[in-house]
Every structure is written in C-alpha cells, then in structure tokens.
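Numbering (this note's numbering), first residue to last: 5 to 154.
See below:
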C-alpha cells in the first residue's frame, strides 16, 4: 500500500508491482484481497492524484491487468469494480485511453450492479475526483476548507 501511494515511481517499477498484485489477487481470498485491489487501483490509475503523467503505466499493461481481473470471480464486487473503473477511467489525454471494446466489456460487467452508475460514468466521460474517490485514496476526506485544485 505504501508503494501504491508513491505515484512518482517509474512506470517500470509500477509494472512489476502491478503484476505481483494481480497474481496476489488471483491467489488470495478474503479481507486481505481488498488491500491488493486498492493498491492496484492506485498503481495503474489513469488519472494520478498528484504524480506526473510520465510515470503512468502504459495502457497495454493496464489492459492486461483488467483482462485478468475480469476473469476472476469478484468476492467483493464493490472493491473489484472500483479498481477496474480506476484502471479504465477516462482522461482528457487520448494516449491513456483504453481499448473501447475492453471498456464496453467492463461496462457490461459493472452494469449488473445497481450501485455502479458512478463508476460507469467515470469510464464514459472525464469526471473530476469526487469526495468518495478522495476517501478511497486517502482513507478519509480532506478537511473542510482544503481542496484539490484541478
């Protein structure tokens, strides 16, 4: 989780970490799996919170991670869906866009859950980070009066 918070790690280190996290998700069950999902959502995020864009993991790698996650049975669908949505989140940069066929498959998978509308919207269009996203990134919301300028 610490490494996932270090957004300025090189993309090559992030790729190694992400590959290990995907393996861990496949082999681990239960509550500890949620930590792996969270870390993967930060390492492969299409929209870094504070890191520079040159350290974003290449889309081809992220697409492989998503493919692996889509093959898994999600024991905690909200955690898995959040991770996949962050990995597929639309940005204002075409270089980071994922394959649209894959995005359609993700949306089809998420559509089975009534609560997934916000996540699906993040894949369809550029949406700024909301308070719920900040809570997932930081573990809590920012103090009143403090905000992220975007």
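The beta carbon of each residue, even a glycine, is placed where N, CA and C say it ideally should be.
Annotation for residue 30: 72, 76 place their beta carbon closer than 8 Å to its own, counting only its chain and skipping 5 residues before and after. For residue 112, the enclosing alpha helix (DSSP H) has its first and last residue at 104–114. Shown here, residue 36 sits in a helix according to DSSP, grouped into three states. If the five residues before and after residue 60 are omitted, its C-beta is found closer than 8 Å to the C-beta atoms of 15, 49, 50, 52, 100, all from its own chain and listed in chain order. Here residue 128 carries a helix assignment [DSSP, helix/strand/coil]. Judged by their CB atoms, residue 89 and residue 126 are nearer to each other than the 7 Å cut-off. Straight through space, the alpha carbons of residue 12 and residue 39 are spaced by roughly 20 Å.
Inclusion of residue 67 and residue 21 in the CB contact set at 7 Å is not warranted, their separation being larger than that value.
Put simply, of 131, 25, 26 the residue whose alpha carbon is nearest the alpha carbon of residue 97 is 131. With distances taken between CA atoms, residue 81 lies nearest to 115 out of 17, 25, 115, 19. Around the beta-carbon of residue 92, 16 or more other beta-carbon atoms lie within 10 Å, marking it buried. Setting aside the 5 residues that flank it on each side, residue 25 is surrounded in the same chain by 40, 43, 44, each with a C-beta closer than 6 Å to its C-beta; the list follows chain order. Under the three-state reduction of DSSP, residue 119 is assigned to helix.
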